[in-house]
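Numbering (this note's numbering), first residue to last: 16 to 124.
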């Protein structure tokens with residue numbers, strides 16, 4: 016843990032009211048918040064597909080990578096997982112600067 020992390024951990028733990036002051040909509044009723052620093056377990060996550068664009072040639076603008084997901088049944092947690100998995104990919108693959116996400120589903124609902 017870096018020295019600055021320790022300082023912020025101390026502030027967050029002992030003076031959460033100071034942080035809540037930065038959120039005016041919560042400051043008035045901000046009492047009762049409990050601080051924790053949960054460890055986020057790493058789970059294997061796999062995208063349904065990733066289309067990598069060809070290398071840009073000449074003056075052509077770079078083409079986006081395309082993240083593919085198929086969702087054929089209702090799942091309330093789908094969008095959260097899609098955002099998390101997409102963010103993990105972008106974080107891990109530094110060469111991806113532009114991207115699009117395509118979700119295949121049986122209907123728009």
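Where a beta carbon is used, it is the ideal one built from N, C-alpha and C, also for glycine.
Whole-angstrom distance between residue j and residue i, CA atom to CA atom
i: residue 32; j: residue 52; result: 16 Å
i: residue 49; j: residue 24; result: 13 Å
i: residue 36; j: residue 75; result: 48 Å
i: residue 27; j: residue 61; result: 34 Å
i: residue 92; j: residue 86; result: 11 Å
i: residue 29; j: residue 22; result: 11 Å
i: residue 34; j: residue 88; result: 40 Å
Residue i (DSSP reduced to helix, strand or coil)
i: residue 26; result: helix
i: residue 66; result: strand
Proximity of residue i and residue j at Cβ, strictly below 9 Å
i: residue 82; j: residue 104; result: yes
i: residue 113; j: residue 69; result: no
i: residue 106; j: residue 97; result: no
Selected residue, minimal CA-CA separation from residue i, among the options
i: residue 90; options: 26, 120 and 50; result: 120
i: residue 65; options: 20, 100 and 94; result: 100
i: residue 110; options: 22, 73, 117 and 67; result: 67
Runs of beta strand (DSSP E) wholly within the segment 69 to 104 (minimum 3 residues, chain order): You should have 80 to 85.
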